[in-house]
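Below is one structure, written out as structure tokens, with a few remarks after it.
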Amino acid sequence: MSYNLKQSGNYVSFTGNNALYTKAAPLKGAKVVKTKQQLLELNQSKAGQDTFMYLRSAYTNHHTVYYKVMSFDRKIKGWIYAGKTSDIQSGLVHYAKDKKTVVGGINSFETLQNSPLNDLEKNEFYHLKYPGSKNNGSELLYQLPFWCGPDGKTKPNMKSTIKYRHDVFIIENAMTRTREGDRWLVIHDLSNTNIVGYIKDGSLIPMHSVPATEGITVNYVDKATNRPVKSVIVPFAKSPKQAGMNLKTSFFDYNGLPDGYTADDDSLGFKGNSATNAIKGATLNYFIVKQVK
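Taking the numbering used here, the leading residue of the sequence shown gets 20, the next gets one more, and so forth.
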């Protein structure tokens with residue numbers, strides 16, 4: 020028997036092949052916690068609380084494997100048949116010889132699904148739409164969206180975003196919660212590299228474009244030819260404890276690069292310290308390289 024975890028990052032759904040028991044089914048006194056049908060109904064739940072995580076493994080004398088699992092809200096837990104020790108195994112899941120058919124009662128589960136960014140989201144700069152202190156997903160930033168991990172309604176990364184209301188944000192990527200179906204954005208504060216996290220889609224306001232005198236012009240320069248390919252004006256918002264704006268690391272996550280290019284990894288795009296304290300009206304070169312097809 021394996022060590023008993025209090026929680027884990029291994030999430031499972033149910034195949035309907037087996038029920039959930041108070042202990043491994045062959046053991047005397049094992050009682051049904053949830054039937055096969057009830058487990059399939061939990062699969063269809065729109066609430067993240069009904070996602071299950073793996074806690075422990077047990078092995079019988081007949082070489083069968085059982086897993087202890089528990090729901091995110093800790094209200095349902097029990098043991099379920101996973102397969103045999105002779106099965107083909109990938110992660111927690113046991114497969115038949117065809118390597119496709121799941122033989123046990125569980126399958127792997129992801130709480131988040133990738134949601135591609137549109138062109139506006141890749142290129143735009145944003146302000147927070149609802150700067151504040153409410154723990155509602157729209158005012159604060161989070162390490163994970165609600166109920167996408169075993170900690171449940173994730174604590175925010177800060178107590179308030181009011182002091183960041185004038186900062187410039189970009190969208191790094193977006194994810195959709197598998198159960199709830201709503202979309203969350205991963206955003207970065209270009210003005211403050213420490214401010215990053217998830218926020219609900221619809222919680223940002225696109226900024227109006229600014230003239231070069233009111234922003235920082237970033238020229239994308241092909242590293243191989245040393246020729247400019249494209250430019251973008253980043254709205255200016257000074258970084259903490261300095262007069263200028265620090266774009267050195269945070270701009271690396273900006274998605275508005277020219278098509279077919281990626282940032283130069285050796286320099287994070289900017290050479291030297293040119294972008295660590297850029298003043299309003301400055302012009303910077305951001306070095307890019309063609310992607311290998």
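Heads up, the beta-carbon is just placed ideally off N, CA and C, and yes, glycines get one too.
Here the structure is a predicted model, which is why all the values come from computation and not from measurement.
Taking a contact to mean a Cβ-Cβ separation below 8 angstroms, would you say residue i touches residue j in this structure?
i       : j       : result
Trp-98  : Lys-178 : no
Ile-235 : Val-253 : yes
Thr-295 : Lys-267 : yes
Ile-107 : Val-52  : no
Ser-105 : His-81  : no
Phe-128 : Thr-70  : yes
Ala-251 : Gly-275 : The question names Ala, but residue 251 in the sequence shown is Val. Taking 8 angstroms as the Cβ cut-off, Val-251 and Gly-275 qualify as a contacting pair.
Tyr-305 : Asn-238 : yes
Gln-132 : Thr-173 : no
Tyr-73  : Ser-27  : yes
Pro-259 : Asn-211 : yes
Val-88  : Val-31  : yes
Ala-66  : Thr-54  : no
Leu-1   : Pro-175 : Outside the displayed span of the chain (20 to 312) sits residue 1, for which this structure offers no information.
Asn-23  : Leu-111 : no
Ile-206 : Ile-190 : yes
Asp-186 : Asp-208 : yes
Gly-263 : Ile-307 : no
Following the continuous beta strand (DSSP E) through residue i, name the residue where it begins and the one where it ends.
i       : result
Asn-304 : 302-309
Asp-284 : Where Asp-284 is concerned, there is no enclosing beta strand (DSSP E), given that its DSSP letter is neither H nor E.
Met-177 : Taken as a continuous stretch (DSSP letters only), Met-177 belongs to no beta strand (DSSP E), as it is neither H nor E.
Val-251 : 246-254
Val-112 : 112-114
Ile-125 : 125-127
Tyr-161 : Per DSSP, Tyr-161 belongs to no beta strand (DSSP E) and is neither H nor E.
Thr-195 : 188-196
Tyr-149 : It is not in any beta strand (DSSP E) - Tyr-149 carries neither H nor E in the DSSP assignment.
Ile-298 : Element bounds for Ile-298: n/a, residue is neither H nor E.
Leu-131 : 131-133
Gln-261 : Taken as a continuous stretch (DSSP letters only), Gln-261 belongs to no beta strand (DSSP E), as it is neither H nor E.
Ser-109 : 107-109
Considering just the uninterrupted stretch of the alpha helix (DSSP H) at residue i, what are its terminal residues?
i       : result
Leu-59  : 55-62
Asn-142 : 138-142
Hey, out of the options, whose CA is closest to residue i's CA?
i       : options                           : result
Cys-167 : Asn-192, Lys-141, Ser-90, Val-112 : Ser-90
Trp-203 : Leu-61, Asn-192, Asn-211          : Asn-192
Gly-291 : Leu-46, Leu-209, Asn-265          : Asn-265
Gly-48  : Ser-250, Tyr-40, Thr-54           : Tyr-40
Asp-92  : Val-215, Gly-110, Leu-61          : Leu-61
Arg-198 : Ile-298, Ala-77, Thr-130          : Thr-130
Gly-216 : Asn-23, Lys-242, Ser-228, Phe-188 : Phe-188
Tyr-114 : Ala-297, Asn-211, Thr-34, Ile-298 : Thr-34
Leu-303 : Ser-293, Lys-141, Val-31          : Ser-293
Lys-309 : Lys-242, Leu-46, Phe-289          : Lys-242
Gly-300 : Ala-256, Gly-200, Gly-156         : Ala-256
Lys-153 : Leu-24, Gly-200, Lys-219          : Lys-219
Gly-288 : Asn-245, Val-311, Ser-64, Gln-57  : Asn-245
Gly-171 : Ser-286, Gln-68, Pro-45, Leu-46   : Gln-68
Thr-120 : Asn-36, Val-311, Glu-143          : Asn-36
Using a Cβ-based criterion (distance less than 7 angstroms to any ligand heavy atom), does residue i qualify as near the ligand COA?
i      : result
Phe-71 : Among the components modelled here there is no ligand, and therefore nothing to report on the ligand COA.
Determine, using beta-carbon pairs with one atom in the stretch 255-273 and one in the stretch 281-295, whether at least three such pairs fall under 8 angstroms.
-> Segments in contact, yes.
Say whether the stretch 87-101 touches the stretch 115-126, bearing in mind that this needs 3 or more beta-carbon pairs closer than 8 angstroms, one atom from each stretch.
-> yes
Taking 8 angstroms as the threshold, find out whether the stretch 221-228 comes into contact with the stretch 143-163 through three or more Cβ pairs.
-> yes
Ordered list of beta strand (DSSP E) runs contained in the stretch 205-233, each at least 3 residues | Counting whole runs of 3 or more residues, the stretch 205-233 contains the beta strand (DSSP E) stretches 215-219, 223-225.
In chain order, each alpha helix (DSSP H) run of at least 4 residues that lies wholly inside the stretch 22-104 = Within the stretch 22-104, the complete alpha helix (DSSP H) segments at least 4 residues long are 55-62, listed from N- to C-terminus.
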